[in-house]
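Visitor:
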Amino acid sequence: MIEVTRTWFRAAFGWFVAIAAVLTAVLFFFVALLVTAQTTGSALLSYAVATLVAIGCATGLARLSVWLRGSRSKLTAYVCLAVSLPLAAGLSWAWFGAPAIYTPLPDSPAARYWDLPTGSRIAYVRAAGTVTRPEPVLLVHGGPGAPAGRDDEFAERLAGAGFAVYNYQQVGAGRSSRLDPREYTVARHVADLDAIRQQLRAPKVVLIGSSWGGELIAHYLAAHPDTVAKAVVASPGAMSDDSVSDGSLTPTGRTDQDSRLAAHTRFAATYFLGQAGGLPAAGTLMSDQTADGLYQQFVRSLNMSSGCPDAAAVERPADATAGYGLWVNIATAASASRAADPRPALRHNRTPVLVLRAQCDYLRWEVTREYRDTFPRATMLTVNGAGHSVLADKPAETGTAVAAFLTGEPLPAKPYTAAETPWRR
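With UniProt numbering, the residue at position 168 of the sequence shown is 168, and numbering never jumps.
1) Helix, strand or coil for Ile101, going by three-state DSSP, please let me know.
2) Measure how close the beta-carbons of Gly214 and Gly247 come, nearest whole angstrom, since I'm counting them as under 8 Å.
3) At what residues does the alpha helix (DSSP H) containing Leu116 begin and finish?
4) If you compare alpha carbons, which of Ala336, Ile330, Ser211 is closest to Val186?
5) For Ser210, which residues does DSSP report across the bridge?
6) Would you say Ala413 and Leu381 are within 8 Å of each other, going by their C-beta atoms?
7) Quick one: what's got a C-beta closer than 6 Å to Ala281's C-beta in the same chain, skipping five residues either side?
8) Mind checking Gly70: buried by the 16 CB within 10 Å criterion, or exposed?
9) Taking Cβ positions, are Asp192 and Leu116 nearer each other than 8 Å?
10) Measure the CB-CB distance between Ala173 and Gly145 and report whether it falls below 8 Å.
11) Taking Phe154 as the reference, give the member of Phe272, Gly408, Pro410, Ala392 with the closest Cα.
12) Check the C-beta distance from Leu346 over to Thr368 and give it rounded, since I have them as a contact under 8 Å.
13) Note down, in chain order, each residue of its chain lying with its Cβ closer than 6 Å to the Cβ of Ser306, except the 5 sequence neighbours on either side.
14) Could you check if His348 is buried or exposed, using at least 16 other CB atoms within 10 Å of its CB as the buried criterion?
15) Am I right that Arg157 and Met239 are in contact with their C-beta atoms under 8 Å? What's the rounded C-beta distance?
16) To the nearest angstrom, how far is it from the Cα of Ala333 to the Cα of Thr59?
17) Is it buried or exposed, Ala291, if we count other Cβ atoms within 10 angstroms and call 16 or more buried?
18) Can the beta-carbon of Val171 be found less than 8 Å from the beta-carbon of Val205?
19) Along the chain, where does the beta strand (DSSP E) that runs through Arg357 open and close?
20) For the candidate residues Gly323, Ser210, Ser92, Glu397, whose alpha-carbon lies nearest to that of Gly293?
21) Work out the CA separation of Pro147 and Arg178 for me, nearest whole Å.
22) What is the C-beta distance between Cys360 and Ala386, in whole angstroms, given that I count them as a contact (C-beta under 8 Å)?
23) Taking all protein chains shown into account, decide if Asn303 is buried (16 or more other Cβ within 10 angstroms of its Cβ) or exposed.
24) Do Thr284 and Ser92 have their C-beta atoms closer together than 8 Å?
25) Going by Cα to Cα distance, which pick from His388, Val299, Asp258 is closest to Ala311?
26) Write down the C-beta distance between Ala123 and Ser176 rounded to the nearest angstrom, noting that I regard them as a contact closer than 8 Å.
27) Name the one or two DSSP bridge partners that Met380 has.
28) Assuming Ala263 and Ser301 make a contact with CB atoms under 8 Å, what is their CB distance in whole Å?
29) CA-CA distance, Ala403 and Gly160?
30) Short check: CB of Gly209 to CB of Val165, under 8 Å?
31) Just how far apart, CA to CA, sit Phe267 and Arg372?
32) Where Arg357 and Thr407 are concerned, what is the direct C-alpha to C-alpha distance, given to the nearest angstrom?
33) Just the Cα atoms here: how many angstroms apart are Gln289 and Ala50?
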């Protein structure tokens, strides 16, 4: 009886090892795939090494399974290989290889390019209008990696006020050049922005940025305090990682983004791999177009007005996220977390700054308020009924306010100076 039990146990454990052989082979396939891609930058070599590692794991454990069961058959090893290799290949294809629909920016005869001394080739569109103001206006889009394709009405209002308005696409997004993902840094974006100013031969420029664009403006002003005539930040991102102790998103904004990440598992896996330091591996194994397509799909699913709990999500068309770039988003966000805190320098910056706060922005009130409280010459205006994309949501209202601020005319509303949010949740 004891011998029968022992034999049965060995056989059962042997089959358990056979199953473990399949799972272990798949696991080590991905470990080898990512490590090799991270260190060599070669997709072909990465898949070759990963396949050999998977074969070694599967056959080694399969032999252990055969020995435990007291068998001499090679069938177990063949079965383990027949299951583990297609499974690993299928999962890797589903993650890295399967195409995602990517929407590029449409061709435009108005598109022009700057070839900067930084090495970046930057695409831009200049709004038509008669120029009567000395300082050019640069629209600094958000993301990172999210060129503003729907700010035409806003730009035209400023052009109508006599400004030369340039809507440029940051490196890594839109029609601008792509880099090795490790080259996307806050310092590179700041250098590009100053190189653009020099291309325009402008001693000073006006900067208007939304979301990450506001954050970039803060870093630019910290590095170049005397080259900006005026600045506007609309729904700006957090100046520093410790701007808000419990995160920059509102509770409802966090709930919305968490639910969207759960629904877009492929994007989430790629994003978290990049955040964890695996961006070189991700960039080796996944094409730019596929990565950018995943980013576009995820952003289109977000509720940009989720700062208001009762705000319904609005489905946006594919062209709303045209030209978005994922690698620049991940790498720049990682760089921003390591960048020098701009606030000490900005507390002494005398540049006039207009801060626009939207009622339904998914970023916390404290994030926006910090801009007003940091810049000595900051003015805040609040915008009712707008979400995070405040310039696109309310182009007439924000365009009028910004034009008044830039031209020195009276603002259309009284500046908001209180510490608490003007809206009760």
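Heads up, the beta-carbon is just placed ideally off N, CA and C, and yes, glycines get one too.
Guide: Short version:
1) coil
2) Rounded, the Cβ-Cβ distance is 18 Å, inconsistent with contact.
3) Looking at the DSSP string, Leu116 is not in any alpha helix (DSSP H), and its letter there is neither H nor E.
4) Ala336
5) Ala234
6) yes
7) Leu34, Ala37, Gln38
8) With a pLDDT of 49 at Gly70, under the threshold of 50, the modelled position of that residue is not reliable, and the figure given next carries that caveat. Looking at its Cβ environment, which holds fewer than 16 other Cβ atoms inside 10 Å, Gly70 is exposed.
9) yes
10) yes
11) Ala392
12) About 15 Å separates the two Cβ atoms, so there is no contact after all.
13) Thr252, Gly253, Asp256, Tyr362
14) exposed
15) About 28 Å; that fails the 8 Å criterion.
16) 42 Å
17) buried
18) no
19) 353-358
20) Gly323
21) 14 Å
22) 6 Å
23) buried
24) no
25) His388
26) 5 Å
27) Val355
28) 7 Å
29) 9 Å
30) no
31) 34 Å
32) 20 Å
33) 24 Å
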